[in-house]
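Trainee:
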Amino acid sequence: MQSYNQTVMNADDIHHVHDFLSALLFSIETQHTIGYGSRYITTECMGGILVLTLQSLLEYLLQVIVTQIVFTKLSRPTGEEKSQFIIFSNYPLIAPRNNQVPLTFRIVNLSTS
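Residue numbers (this note's numbering): 1 to 113.
1. Going by beta carbon distance, what residues of the same chain come within less than 6 Å of THR104, once the five residues before and after it are set aside?
2. Hey, LEU110 and PHE85 are a contact pair by Cβ (cut 8 Å); roughly how many whole angstroms apart?
3. Spatial neighbours of VAL108 within its chain, please: CB distance less than 6 Å, with the 5 preceding and 5 following residues excluded, ordered by chain position.
4. Decide if ILE14 is buried, meaning its Cβ has at least 16 other Cβ atoms within 10 Å, or exposed.
5. Report all residues from its chain with a CB closer than 8 Å to the CB of GLN55; omit the five preceding and five following residues, and keep chain order.
6. At the level of alpha carbons, what is the spacing between SER3 and TYR60?
7. Does DSSP put PHE88 in a helix, in a strand, or in coil?
8. In terms of DSSP beta bridges, what is GLN100 paired with?
9. Could you check if VAL70 is buried or exposed, using at least 16 other CB atoms within 10 Å of its CB as the buried criterion?
10. Can you check DSSP and say which residues form a bridge with ILE107?
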């Protein structure tokens, strides 16, 4: 078990990453699969591999969420189109059912999907 005084990553775990700006560039290169050039993680750095894996999974999750939001917004009917998809019945029904008197009416969904 490592103590708090020991670092999880060594200076040679990620080549050519020495400060915050180079770490930020490394993260952007990873996120957008641009290519590392001279920056890369060595196979001995389990912490770097774990962080890189988590960052990639989070990126895929965010892409799926954003894509779903955009698709949902674009495929939703708007304005007059929306009022033509759902029709309510003109005559509601009030009748006893299970010792209660519910208000019943029909809803018709006219959309093709």
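We put the beta carbon where it would ideally sit given N, CA and C, even for glycine.
Mentor: Concretely, from the data shown:
1. Along the sequence shown, read from residue 1 onward, the residue named residue 104 stands at position 104. Same-chain partners within the cutoff: LEU93.
2. Position 110 of the sequence shown, counted from the first residue, corresponds to residue 110. Position 85 of the sequence shown, counted from the first residue, corresponds to residue 85. 5 Å between Cβ atoms; contact.
3. In the sequence shown, the residue the question calls residue 108 occupies position 108. Cβ within range, chain order: ILE87.
4. As a working mapping, residue 14 is identified with position 14 in the sequence shown. Buried: at least 16 other Cβ atoms inside 10 Å.
5. To locate residue 55, count along the sequence shown from 1; it is residue 55. The answer, listed in chain order, is SER27, THR30 and GLN31.
6. In the sequence shown, residue 3 corresponds to position 3, counting from 1. In the sequence shown, residue 60 corresponds to position 60, counting from 1. For SER3, the predicted model reports a pLDDT of 49, less than 50, meaning its position is unreliable and no value from the coordinates is stated.
7. Residue mapping note: residue 88 aligns to position 88 of the sequence shown, counting from 1. It is a strand residue.
8. Translated into positions along the sequence shown, residue 100 becomes position 100. DSSP output for GLN100 lists ARG97 as bridge partner(s).
9. Residue 70 sits at position 70 when you count from the first residue of the sequence shown. Classification for VAL70: exposed.
10. On the sequence shown, residue 107 is found 107 positions in, with the first residue counted as 1. Per DSSP, PHE88.
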